[in-house]
Structures are given as C-alpha cells and as structure tokens.
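First residue of the sequence shown: 1, per full-length UniProt numbering; consecutive thereafter.
C-beta atoms are modelled at their ideal positions from N, C-alpha and C, and glycine is treated no differently.
For clarity, every value in this text was computed on a predicted model and none was experimentally measured.
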Amino acid sequence: MNMKKYIWGLIATIVALQGCEKLESEGVSFETQFVDIELNGNAYMSVVLGEEFVDEGAIAKEGEEEKEVTISGNVDVNKVGVYELKYSAVNNDGYPGSATRTVAVIPAAEGDGVNIAGNYKYNGGSQIAEITKYAPGFYYMNNIWGPSDVPCYILTSDGKDLVLPLTNTPFGRVLGSGELTGNSLALIVSLLDQNGLIDIPRNWTKQ
C-alpha cells in the first residue's frame, strides 16, 4: 500500500528530580509520515526440512522515497519449527515501522490434497476451535486446550501425524503432538509455563 499514514505527536519533556520523574508537556505538534513496509511474497510461508529457504525481502517507503530495510531473525532449515523474520525501517523523523513474516520448517513435503483446516468441537465441552491453513503443511489452531483459548501452530505433511511446535501464547510456551484419524483429532499438549500441565490429552472432533 502507498496510502499515506499520519500521526499527530506530542513533544514531551521528562524531568527527573530527586529520584522522581515528572512528565511535562508543551503544546507543540507536528506531522510525520510513517514508513509503509510491504513484504515481497507471503506473510506466512513453509519450507521442507533441509531445503534452502530464500527470503524474498521487503520494500519500505516513506511517500515515494524508498528507505533501507533491516532484517532480524533467522530460519533454521535443519530444525522443524516456526520462525519469525522482522523487517524494520525508520522514517525521516526517526519513527520506526516494521512488518513480520512467519516461516514454518515442516518435516516433509505436503502430500497431494492434504488440508486439515476446519472447525473442531472439543469432546469435553461445547467449545469450537478453528484450524486455519497458512501455507503447505503449516496451520494455526486458535484453541488447542478447550476450556481456555490456548492457540498453537500445527505442522503436518500427511494430514495425520501432527507436530505442535513451540509456540508463545498468553498462557506461556506451548508444544505437543497429535494424530488426526478420520474426524477424530487427538492432541497431546504441554503448557510449559503452567505447573504440571505436561502431556495432557485434548480430544476434538471435526465438524
């Protein structure tokens, strides 16, 4: 997008006195245009374990002026998991902008016709969760737990054997495994930062 984005900022002066901070504001405003960062390629991608990942990069512009893009993060193609690449740039007034690409390293190439996306009902209650397909072999489930909305990525090449890679959530770090047999989704989930919640079965039925 090349749509201009504007912000009215307030210049603030912070004065520290005897260990206390006092925020004083002067009614001076100014206009700045944020950097618009556009990814080359998709925001969600997958690569097969051991194969080369080619980052398509991003373009940053402030109006018509192209800005330098800094990339942070990496993709370890020798380890199954989900990785983030962050693309950052700064406008002429020093205000930063960023965009993120999420890349999954999947165990093997996805089989023809594999797609586990859809709605699933928790067998222990009435909760309905949704699995969304982001890229070949790369999915996101917005609730793997049931009573609490604990999200997690899911990786699968054959649509049967599932990997729940390490995912950071509001409930802390989550990982696990699973198996989809017909419409029955059996997950084994560990909430690593919740005491004692390790290898807990969570069973769902596809709707």
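Review point. Going by the beta-carbon positions, is the gap between serine 157 and alanine 108 smaller than 7 Å?
Key: Yes, Cβ-Cβ distance for serine 157 and alanine 108 is below 7 Å.
Practice item. Count the other C-beta atoms from every protein chain shown that fall within 10 angstroms of the C-beta of lysine 22, then say buried if there are 16 or more, exposed otherwise. Key: Low confidence applies to lysine 22: its pLDDT is 33, below 50, so where it sits in the model is not reliable enough to give any reading.
Check your understanding: Nearest CA to the CA of proline 136: which residue from Gly118, Ser148, Asn123, Val103?
Key -> Of the listed residues, the one whose Cα sits closest to proline 136 is Val103.
Check your understanding: Secondary structure at glutamine 33, three-state DSSP: helix, strand or coil?
Key -> strand
Review point. Under the three-state reduction of DSSP, which class applies to aspartate 161: helix, strand or coil?
Key: strand
Review point. Assuming alanine 129 and alanine 99 make a contact with CB atoms under 8 Å, what is their CB distance in whole Å?
Key: Rounded, the Cβ-Cβ distance is 28 Å, inconsistent with contact.
Check your understanding: Run through DSSP, which three-state label would threonine 156 get?
Key -> coil
Exercise for review: Please list, in chain order, all residues of the same chain as glycine 172 whose beta carbon is under 8 Å from its beta carbon, the five residues on each side excluded.
Suggested key: Scanning its chain for C-beta atoms nearer than 8 Å, with the 5 sequence neighbours on each side dropped, one finds around glycine 172 the residues Leu191, Leu192, Asp193, Gln194, in chain order.
Practice item. For my contact list, valine 35 and alanine 89 are in at a C-beta cut-off of 8 Å; report their separation, rounded to the angstrom. Key: 5 Å
Exercise for review: For my contact list, valine 105 and aspartate 76 are in at a C-beta cut-off of 8 Å; report their separation, rounded to the angstrom.
Suggested key: 7 Å
Check your understanding: DSSP three-state call for leucine 192: helix, strand or coil?
Key -> coil
Exercise for review: Label threonine 167 either buried or exposed according to how many other C-beta atoms from any shown protein chain fall within 10 Å of its C-beta, with 16 as the threshold for buried.
Suggested key: buried
Point to revise | Minimum C-alpha distance to lysine 86 - residue among Lys79, Thr32, Asn74 | key: Asn74
Review point. Between the beta-carbon of isoleucine 131 and the beta-carbon of glycine 159, is there less than 7 Å?
Key: no
Review point. Where does isoleucine 116 fall in DSSP's three states?
Key: coil
Practice item. May I have the straight-line CA-CA distance separating glycine 125 from valine 150, to the nearest angstrom? Key: 15 Å
Review point. Helix, strand or coil: how does DSSP classify serine 126 here?
Key: coil
Check your understanding: Under three-state DSSP, which class holds asparagine 203?
Key -> Looking at asparagine 203 - three-state DSSP - the assignment turns out to be strand.
Review point. Within this structure, are the beta carbons of leucine 185 and tyrosine 120 separated by less than 7 Å?
Key: Leucine 185 is a Cβ neighbour of tyrosine 120, given a cutoff of 7 Å.
Check your understanding: Which of helix, strand or coil does DSSP assign to proline 96?
Key -> In the structure shown, proline 96 sits in a strand (DSSP, three-state: E or B).
Exercise for review: Check each candidate in Glu52, Asp199, Glu56, Pro165 and name the one with the smallest Cα separation from leucine 39.
Suggested key: Glu56
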